[in-house]
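Step one of this worksheet: look at the structure below.
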Amino acid sequence: MIDLAANFLWMFLVVIGGVLISWSVHFVPVGGAPAAMAQATGIGTGTVQLAAGAGLTGLISAGYMMQVVDNLPLILASGTVGAMIMISVTMIVGTWVYVYGVGCVPSSAKVKVDPITHDRQDLYVSQGTEGHGLPTVSFVSGVIGGALGGFGGSLVYYALLKVGMGVAEVDANMIGLVAIFAVGIFFVNAVIPSYNIGGTIEGFHDPKWKKWPKAVISSFVATIFCAIVAVIAILQLGGL
Amino acid sequence: MSAGGDGGGAKSNLPPNTIIGIGAAGGLIGIYLAHFLPATFSFFGGIAAICAIVWGADAVRRVASYGLGTGVPSIGMIALGMGIVAALFGLSIGGVAGPIVSFITAAVIGAIIGVLANKVIGMGIPIMERAMVEIAGAGTLAIIGLSTVIAGTFEYGAVLDTVVSTGFIAMIFIMGGMGILHPFNANLGPDEKQDRTLILGVEKGALAMVIAGLASSINEGLGPAFVTILVGLTIWYLAFNKYFGFVKRDAYAVVGTGLLPSEEELQ
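Top to bottom, those sequences are chains A and L. Going by our numbering, the first sequence opens with residue 1, and the numbers climb by one from there. Going by our numbering, the second sequence opens with residue 241, and the numbers climb by one from there.
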């Protein structure tokens, strides 16, 4: 009854989704605890929380769209935009806090000029800090990260739900099972890159960003195993 | 943001192998007791979860003492991410051997991620592979234990009906993760002591047990739910008192600051 070959396409999509999630984390400006004290550029919390916040919002918006239509591009677009909105709101509110609350200028310590606006950065970095707030380039990078994460997350969800649809009627059990597998795979692929970047990154202009192939390869291998295990468990729904 | 110390292994009074024994054996025995005994005894699932959570918390403190480069919560989240995939897989194909199949699957996934973390990403933590295996196994047993409290059994169909489709699985995910990541996250630093960290794990596990007991009232009726909540609250009370005692023991001094000064006093 367990027919992995017939579900090869869906497993492949799960792996692609996992790899995209892993790549997306490198774009999100994660500042960690130093950023929470306005001593490093980025949002003041950890990678996992940010990626999970944005990616799970993407999952929810993709799941909502899936109730209405069974069209892959629309579902992916819904998940992508949901995650982009979530990360943008997080970043803009964070910027308000840094600018009006802490009273510091958004600036990056990793580059001399912002690659997008060409504004000088180094003049505005407070002494003893590694930048603070979210300069334009980090914001844009974060939105790209949200888009990739939401796209990857909804791809995982869609592919796993398709596996389930092949063996049984869609019901609450299947949706719950697929959603929790998508969340599990999401967390695994959000933590692997966070170890790769060592906790903080400013965005695609950060030198650490170039390390992404390592995390993507790791996520690729790890997600293959998670995908096989998830597909087998979902296929068991047919026998209940 | 390097949380958790300056590298080097953590000092332990209880050797790791003892805690692995408590976690793995206690976890599996508790889950099977909760499964085979009548509904009144489903609190054994919670005890299994507490054993697993203490094991996970100890594995986290050993690996995070080397400095992960990022926050301790990440490792709790990956534990439960791996755990949930392995747990549901094992229950789906294992039948009565479900928890054991889940446990082995978790160990395999954990080993793969541990090897990737050291060999590909290059984290260079000597015990990474072993710790990932332990953390994945502990996360899996915590999830199955709490699911067994709610469902009264670990049969795949019953767990799907009462735990997954109701959404309690998300609650279990976060509570189990909290139990594994929070003890070390709250106690880390140069004065971290194993007994203080682990008793906080017991306290967190007991809280998870109380909440799982509340959730089980839908499926198992008020009687068994009441027993689970009562046992959970008792363990929580004892563990919290003990933890507070350890905090006072390890603190330089515990002093009262009094109430906030009033406006007149500030002038």
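Even glycine gets a Cβ: it sits at the ideal position worked out from N, Cα and C.
Proximity winner among the options, relative to residue i (alpha-carbon distances)
i       : options                            : result
M449(L) : L428(L), I390(L), G307(L), L308(L) : I390(L)
V30(A)  : Q127(A), I75(A), V191(A), I85(A)   : V191(A)
V93(A)  : A109(A), L72(A), G133(A), R120(A)  : G133(A)
A376(L) : G338(L), I344(L), F480(L), A410(L) : I344(L)
I324(L) : Q121(A), R120(A), A109(A), V178(A) : V178(A)
L13(A)  : I228(A), V97(A), G238(A), Y195(A)  : I228(A)
R307(L) : A233(A), G199(A), V183(A), G238(A) : Checking the displayed sequence, the identity of residue 307(L) turns out to be Gly instead of Arg. It is G199(A) whose Cα lies nearest to the Cα of G307(L).
L59(A)  : Q127(A), G146(A), E130(A)          : G146(A)
F486(L) : L438(L), A465(L), K444(L)          : L438(L)
S22(A)  : G63(A), S219(A), L160(A), Q236(A)  : S219(A)
A446(L) : A479(L), P313(L), A455(L), P464(L) : A479(L)
E432(L) : T406(L), R489(L), A346(L)          : R489(L)
C104(A) : D119(A), T41(A), A77(A), T90(A)    : T41(A)
H205(A) : A109(A), N71(A), V89(A)            : A109(A)
L508(L) : T380(L), M411(L), V442(L), K444(L) : The displayed coordinates of chain L run from 241 to 507. Any statement about residue 508(L) would go beyond what the structure contains.
E130(A) : K112(A), F151(A), A168(A)          : K112(A)
I467(L) : I287(L), F276(L), G263(L)          : At residue 467(L) the sequence reads Val, which differs from the Ile that was named. Of the candidates I287(L), F276(L), G263(L), the one whose C-alpha sits nearest the C-alpha of V467(L) is I287(L).
I458(L) : S282(L), A371(L), G263(L), T402(L) : T402(L)
S342(L) : I469(L), E395(L), A304(L), G316(L) : E395(L)
P73(A)  : Y158(A), A215(A), D122(A), Q127(A) : Y158(A)
D70(A)  : W212(A), L155(A), V81(A)           : L155(A)
A182(A) : A38(A), T223(A), K214(A), G142(A)  : T223(A)
First through last residue of the alpha helix (DSSP H) which encompasses residue i
i       : result
A479(L) : 462-490
Y195(A) : 172-196
M317(L) : 313-334
Q49(A)  : 47-68
F424(L) : 408-427
W209(A) : Looking at the DSSP string, W209(A) is not in any alpha helix (DSSP H), and its letter there is neither H nor E.
D298(L) : 283-304
L386(L) : 368-391
Y396(L) : 396-399
P237(A) : The sequence given here has Leu at residue 237(A), not Pro. Counting along the chain, L237(A) falls outside any alpha helix (DSSP H), and DSSP gives it neither H nor E.
V24(A)  : A small fix is needed here, since residue 24(A) is Ser in this sequence, not Val. It spans 8-25 - the alpha helix (DSSP H) in which S24(A) sits, taken as one unbroken run.
W256(L) : The displayed chain sequence assigns Pro, not Trp, to residue 256(L). It spans 256-276 - the alpha helix (DSSP H) in which P256(L) sits, taken as one unbroken run.
L4(A)   : Where L4(A) is concerned, there is no enclosing alpha helix (DSSP H), given that its DSSP letter is neither H nor E.
L308(L) : Unbroken run through L308(L): none, as it is neither H nor E.
L506(L) : 503-506
Coarse secondary structure for residue i, derived from DSSP in three states
i       : result
V105(A) : coil
I92(A)  : helix
H118(A) : coil
G128(A) : coil
A337(L) : helix
V113(A) : strand
I87(A)  : helix
A168(A) : coil
D435(L) : helix
G244(L) : Because the pLDDT at G244(L) is just 40, under 50, the model does not fix this residue reliably, and the value given afterwards should be weighed accordingly. If DSSP states are grouped into helix, strand and coil, G244(L) belongs with coil.
M363(L) : coil
M449(L) : helix
N358(L) : helix
A38(A)  : coil
V231(A) : helix
T223(A) : helix
S405(L) : coil
P430(L) : coil
T345(L) : helix
Cα-Cα separation between residue i and residue j, rounded to whole angstroms
i       : j       : result
G248(L) : K208(A) : Low confidence applies to G248(L): its pLDDT is 48, below 50, so where it sits in the model is not reliable, and the reading given next is rough at best. If you take the alpha carbons of G248(L) and K208(A), they lie about 25 Å apart.
M174(A) : T258(L) : 39 Å
F225(A) : V404(L) : 22 Å
V231(A) : D114(A) : 45 Å
W96(A)  : A233(A) : 45 Å
I293(L) : I75(A)  : 37 Å
A279(L) : D171(A) : 27 Å
G498(L) : N189(A) : 47 Å
V15(A)  : M363(L) : 23 Å
A493(L) : P430(L) : 17 Å
V312(L) : G267(L) : 23 Å
D246(L) : A426(L) : Because the pLDDT of D246(L) is 41, which lies under 50, any placement of that residue in the model is unreliable, and the question is left without a value.
Y477(L) : R436(L) : 15 Å
V7(A)   : V373(L) : Position check: residue 7(A) holds Asn in this sequence, whereas Val was assumed. C-alpha separation (whole angstroms): 28 Å.
T406(L) : A398(L) : 11 Å
S24(A)  : A346(L) : 26 Å
Y483(L) : A168(A) : 49 Å
G354(L) : H26(A)  : 20 Å
A274(L) : I260(L) : 21 Å
N253(L) : G338(L) : 33 Å
Paired residues, beta bridge with residue i - DSSP
i       : result
I201(A) : V30(A)
I43(A)  : V30(A)
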